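Below: one structure, written as structure tokens.
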Amino acid sequence: MITCLACRNQEYEGELFCSNCGARLWGASGETLPTITFDTNRLREISKPLATTATTGHDLKPGQIAISVTGTGQSVLLESRPEYVIGREGQEQDVPDVNLGPFGAREKGVSRKHAVLRVDRRQLLLLDLGSSNGTWLNGSQLAPQEPIRLESGDEIRLGKLLLKVFFNL
Amino acid sequence: MPNADLYGLLGIPASATPDDIKLAYRGAARRFHPDTNGGPGATEEFKLIAEAHAILSDPAQRARYDASLKQGSPGPALALRSLLSREKVPVLAEPQVVYALVDVRPTLPAGEIPTPPINLSLVIDRSTSMQGDRLDQVKTAVAQLIDSLRENDTLAVITFSDKAEVIVSPQRSTPEQKTMAKAKVSTIHAAGGTEILRGLLRGLMELHQHLSPSSVNHLMLLTDGQTYGDEGDCQLLAALAAADGVSLSGLGLGDEWNDKFLDELASATGGSTAFLAAPDQVAKFLQDKVRGLGAAFGERLALRILPDQGVKLLQAYRVAPEPGPLAVDESPLLIGSLPKERSLSLLLKFLLPPISEGPRPIARLALYGDVLSLNRRGERATEDLAVTALASFQAVAPPPALVDALSKLSQYTLQERAWQKAASGDIGGATRLLSTLGTRLLSAGQADLAKMAIAEAKRLERTHTLSEDAKKRIKYGTRALMLPAPASGSGRLHS
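Protein sequence lines, in the order shown, are assigned to chains A and B.
Under this note's numbering, the first residue of the first sequence carries the number -17, and numbering increases by one thereafter.
Under this note's numbering, the first residue of the second sequence carries the number 1007, and numbering increases by one thereafter.
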């Protein structure tokens, strides 16, 4: 089998295009691959909804972060990046790493670029990006641009949108 | 064995020595012997090979056969050629894929070929949803089609709703008949439901009145809606039509017709389905279609694919003249009509078992078809596909024509997979595939289709439902991309 350099999909030897992402599979080395599609794939991959409806943090693999949206039973699973911008998609094509648009983020006052989750030496930090309606951690409001350390199970509020964050770092 | 290419059956040139013949026979017989090759058609091929050997190995019979080649028949009318993604493959302990781009061409220059008569049945949906602009545009288009017919073409016009009516009974296209036919077509009005089986049945019955092996026998089904409960019977009729040498094409108007059903119906006869988003495109489409039917060199083409032991045919697509998937579980593959000025191209995907060093045959392709204008039926052309496995393998770039066809096919495949994922509830997966398709299309210079794919990805993510219109536009849009750009000088089609 051969592995697609763009999306890690497995294909038969002799295959010319990846059936999962359409990337060219011949021509050997990675640097000859076109780079155009790489970003989009990454963007989609990191905010993959979890199959389980309720997350407690026990089922996370090392390196994974889960954000569960309170009241929806749905979670967003994050992995493999040092930093994630949380927000909602705007009118432009600019989609944040964690797009809360599908959870009514606009109505609940979440900014397009609202906050950042940063992984720092097995710690997870939360940082408000100067959002219009503020970020709260377990009931107290954060000062903009000042990172604060999170514990797994913490409750975060972006505007009026309630989230819980779990991680295994 | 009339029209049999005995040398082709054994895979040798006509100059072969008796020893060559013996050797080739042993090789070919081993490949298709019922004990080693259980594939469909292998036994018949084995018998043909044995007959060819019996004639060619007997000096007197061979001399008679050679003489008949020189005198009577003007040589093969259909040429079959192929291009492999790799001619040399690595020795591997795991399966590997090899693609073949297969090209069918007439052996005669287009100018020397008379055009065959068309026996056409036009089956038109006149259900309530066709009311207004749709039906008006269709009626105008049919009137123009009638004008463009030649005198020895025959046309029947059938309409259907929850019943079927013959509007124009099949007749030759004299000026008086044309005037009459146009007057009758202008009286068509919309009312009722959509029962495709009724229209199809009536259309085939009318077509049968002038059914002839020396004509292009074709039924065109035009609909804007879904039929319910009679899909299976329609499929059965399509199979019967194909057995009678009738091809069927579908034309879907708007976004409510069943593309999967119409695709299957048409491809069961070697035909294809087209999608028109707006009714004002119907006139041009019908003109092009009828011009294409009249420019046929070969009709009722069928390709028997005989894989060697352990080899599997995974997929088959027609790239040109009408792009679309072909059902690989059917044997032989019905591949439709060969235009006199263009080639018919197919893309085949084979899976090879683990192989050791040395030459390795993959499959034999046996093409059958009727060459109408030469009044020759059951023409056969043979092509053997083979690779050589090397222990010290060095990858070379695959042929550009094959890469081009495959890159377009991979775009078509991405959207097919996106719809499958969406249908199975995997909205995230479908969204990802559509936005990937968008970027692929963008980098291929297809800005309009790319925008459509990206917009549909966003819509799907937001609303979790598909737009039928966008789905059909993207499906038939990416399918049309497979068609290679016409070579220079093909503008001669206007007669």
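A virtual CB, placed ideally from N, CA and C, is assigned to each residue, including glycine.
Since the model is a prediction, treat every value here as computed from it, not as a measurement.
Item                                                                                                                                                                                                  : Value
Indicate, with yes or no, if the ligand PLP has a heavy atom lying under 7 angstroms from the CB of Q1287 (chain B).                                                                                  : Inclusion of the ligand PLP in the displayed structure is not the case, the ligand content being empty and no account of it being possible.
Within a Cβ cutoff of 6 angstroms, which residues of the same chain sit near Y1418 (chain B), ignoring the five residues on either side of it in sequence?                                            : T1484, R1485
So, for T54 (chain A): in the same chain, excluding its five sequence neighbours on each side, which residues have a beta-carbon less than 7 angstroms away from its beta-carbon?                     : F85
Please decide whether S57 (chain A) counts as near chain B, where near means a Cβ-Cβ distance under 8 angstroms.                                                                                      : no
On the DSSP bridge assignment, give the partners of R6 (chain A) in chain order.                                                                                                                      : A:F(-1)
With 8 angstroms as the limit, tell me which residues of the region 1377 to 1406 of chain B have their beta carbon closer than that to any beta carbon of chain A; keep them in chain order.          : A1401, A1403, P1404
Is V1174 (chain B) helix, strand or coil by DSSP?                                                                                                                                                     : strand
Hey, quick one: how far does the alpha helix (DSSP H) through K43 (chain A) stretch, first residue to last?                                                                                           : Where K43 (chain A) is concerned, there is no enclosing alpha helix (DSSP H), given that its DSSP letter is neither H nor E.
Please identify, using Cβ separations under 8 angstroms, the residues of the region 1068 to 1095 of chain B that lie next to chain A, in order along the chain.                                       : S1091, R1092, V1095
Say whether the region 45 to 60 of chain A touches the region 134 to 150 of chain A, bearing in mind that this needs 3 or more beta-carbon pairs closer than 8 angstroms, one atom from each stretch. : yes
In three-state DSSP terms, what is I1018 (chain B)?                                                                                                                                                   : coil
What residues are listed by DSSP as bridge partners for S1255 (chain B)?                                                                                                                              : B:M1226
Between C(-14) (chain A) and chain B, is the shortest Cβ-Cβ distance under 8 angstroms, so that the two count as touching?                                                                            : no
At least one CB of chain B closer than 8 angstroms to the CB of L(-2) (chain A): is that the case?                                                                                                    : yes
For the putative contact between L1225 (chain B) and V1129 (chain B), defined by C-beta atoms under 8 angstroms, what is the C-beta separation to the nearest angstrom?                               : 6 angstroms
What number of angstroms, rounded off, separates the C-alpha of D1269 (chain B) from the C-alpha of V1163 (chain B)?                                                                                  : 22 angstroms
Would you say T1023 (chain B) faces chain A, with C-beta separation under 8 angstroms as the test?                                                                                                    : no
Any residues in the region 79 to 105 of chain A with a beta carbon nearer than 8 angstroms to a beta carbon of chain B? Which ones, in chain order?                                                   : G83, P84
For chain A, find out if any of its Cβ atoms is closer than 8 angstroms to the Cβ of R1204 (chain B); answer yes or no.                                                                               : no
Going along chain B in order, which residues have a C-beta closer than 9 angstroms to the C-beta of E61 (chain A)?                                                                                    : Residues of chain B passing the Cβ test: none, with the nearest at roughly 15 angstroms.
Should G1014 (chain B) go down as buried or exposed, given a rule of 16 or more other Cβ atoms within 10 Å for buried?                                                                                : buried
Quick one: which chain A residues come within Cβ less than 9 angstroms of T1484 (chain B)?                                                                                                            : Going along chain A, no residue has its Cβ under 9 angstroms from T1484 (chain B), so there is no contact; the nearest lies around 11 angstroms.
Evaluate contact between the region 1205 to 1213 of chain B and the region 1154 to 1174 of chain B, counting only Cβ atoms and requiring at least three cross-stretch pairs below 8 angstroms.        : yes
So D1230 (chain B) and M1136 (chain B) are in contact, right, with Cβ under 8 angstroms, and what is the actual spacing, rounded?                                                                     : 6 angstroms
Does the region 1368 to 1384 of chain B come within contact of the region 1063 to 1071 of chain B, defined as at least 3 CB pairs closer than 8 angstroms?                                            : no
Under DSSP, the alpha helix (DSSP H) around L1062 (chain B) begins and ends at which residues?                                                                                                        : 1048 to 1062
Would you tell me roughly how many angstroms separate the C-alpha atoms of A1147 (chain B) and M1488 (chain B), rounded to the nearest one?                                                           : 27 angstroms
Could you tell me the boundaries of the beta strand (DSSP E) in which Y1323 (chain B) lies?                                                                                                           : 1318 to 1326
Report the neighbours of T1419 (chain B) on chain A: residues whose CB is nearer than 7 angstroms to its CB, in chain order.                                                                          : S1
In or out: T1185 (chain B) buried (at least 16 other Cβ within 10 Å) or exposed?                                                                                                                      : exposed
Taking Cβ to Cβ, would you say K95 (chain A) is nearer than 8 angstroms to V67 (chain A)?                                                                                                             : yes
Using the beta-carbon count (16 or more within 10 Å), is Q105 (chain A) buried or exposed?                                                                                                            : exposed
In this structure, does DSSP put E152 (chain A) in helix, strand or coil?                                                                                                                             : Not covered by the structure: residue 152 (chain A). The range shown for chain A is -17 to 151.
Is G4 (chain A) close to chain B, meaning its C-beta is less than 8 angstroms from at least one C-beta of that chain?                                                                                 : yes
Going by DSSP in three states, G1364 (chain B) sits in which element: helix, strand or coil?                                                                                                          : strand
Using the DSSP secondary-structure output, state which residues sit across from Q(-8) (chain A) in a beta bridge.                                                                                     : A:T(-15)
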